[in-house]
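In our numbering, the protein residues as written are 689 to 900. So the structure is just underneath, and the comments pick up after that.
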């Protein structure tokens, strides 16, 4: 049987130390803190920093694939124009280039394709940038480089030339689409728009670009 002192110990405490008062107040305080943190909007500087980091990460992750496209186009152009006769080296360069545009081999591309848009930027359509860059690399860049490899092994045909034009066009559209999202986001954040700077297609031979 409980003693009278045990029964009355709770009622004898100051009101602010009683369990029935302290526990609900503590729970209420925790809830207020959580709600306050969730509802606190990111400031402009934070959004700009996260946005710059996001674009820089995409740019970095695309570097090796972009370089591989550029190298493959340069090699093909040199062989087709007679600038180079070293077909063995050309084939080796292209064979090493193709895996760099596949997420199965290139961990940078895998990281890019699986990254999430920062929570501070969820109101913008930045997921489109990741999707566009995915398609730039795969299947388009992979297939473009595969066409170059076929051309070096078996000779350039009208069908191969047509397919390379189609892949390069698709890559250009994807890059333009991604950059438009970046430009519109930068405008909303009142900051200069960072550029993707994918110059892999700048080395396209004239028979692909249609230039004279």
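From the three backbone atoms N, C-alpha and C, an ideal C-beta is built for every residue, glycine too.
- The alpha-carbon separation between residue 881 and residue 835 amounts to approximately 34 Å.
- A distance below 6 Å between beta-carbons, with the five flanking residues on each side excluded, links residue 828 to the following residues of its chain, in chain order: 855, 858, 859.
- Residue 859 carries a helical assignment under DSSP once its states are collapsed to helix, strand and coil.
- Annotation: residue 892 to residue 762 spans about 7 Å, alpha carbon to alpha carbon.
- The beta carbon of residue 879 is closer than 6 Å to those of 736 in its chain, skipping five residues each way along the sequence.
- By the CB criterion at 8 Å, residue 757 and residue 889 fall inside the cutoff.
- Between the region 769-778 and the region 802-820, the count of C-beta pairs closer than 8 Å stays below three; the two stretches do not touch.
- The shortest C-alpha to C-alpha distance from residue 801 to any of 793, 821, 786 is the one to 821.
- By the CB criterion at 8 Å, residue 869 and residue 826 fall outside the cutoff.
- Separation of residue 842 and residue 779 (C-alpha to C-alpha, rounded to the nearest whole angstrom) is 11 Å.
- Counting only residues of its own chain and dropping the five nearest sequence neighbours on each side, residue 748 has a CB closer than 8 Å to the CB of 796.
- Collapsing the DSSP output to three states places residue 794 in coil.
- Taking each of 782, 751, 743, 753 in turn and checking the Cα distance to residue 840, the smallest one comes out for 782.
- Assignment of alpha helix (DSSP H) within the region 744-804, counting only whole runs of 4 or more residues, yields 775-785, 795-802 in chain order.
- Residue 884 and residue 867 have their C-alpha atoms roughly 7 Å apart.
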